[in-house]
Amino acid sequence: IRSIPTVLFFKNGEKKESVIGAVPKSTLCATLDKYVE
Numbered sequence: 001i002r003s004i005p006t007v008l009f010f011k012n013g014e015k016k017e018s019v020i021g022a023v024p025k026s027t028l029c030a031t032l033d034k035y036v037e
């Protein structure tokens, strides 16, 4: 393994949350929905 998938969520230039590792699409969508207006 060379790297671990990481997605960082920013709002107004500030890091709000990170999702680390291989996660289901539903988890990514739910997290993204929290920050999309």
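Last residue of the sequence shown: 37 in the numbering used here, with the numbers rising by one and none dropped. All C-beta atoms in this analysis are idealised placements derived from N, C-alpha and C, irrespective of residue type, glycine included. Small disclaimer: the values here were computed from a predicted structure and weren't measured.
Closest Cα partner of residue i within the set the options
i     : options                       : result
Ile20 : Ala30, Glu37, Thr31 and Thr6  : Thr6
Ile4  : Lys34, Leu32, Leu28 and Ala22 : Ala22
Straight-line gap, residue i to residue j (C-alpha atoms, nearest Å)
i     : j     : result
Lys15 : Glu37 : 16 Å
Tyr35 : Ser26 : 15 Å
Val31 : Ser18 : Just to set this straight, residue 31 is Thr in the shown sequence, not Val. Using only the alpha carbons, I get a separation of about 9 Å.
Lys11 : Asp33 : 12 Å
Beta-carbon contacts of residue i that lie in its chain and below 6 Å, excluding the five residues immediately before and after
i    : result
Ile9 : The residue asked about is misnamed: residue 9 is Phe in this sequence, not Ile. Lys16, Glu17 and Tyr35, listed in sequence order.
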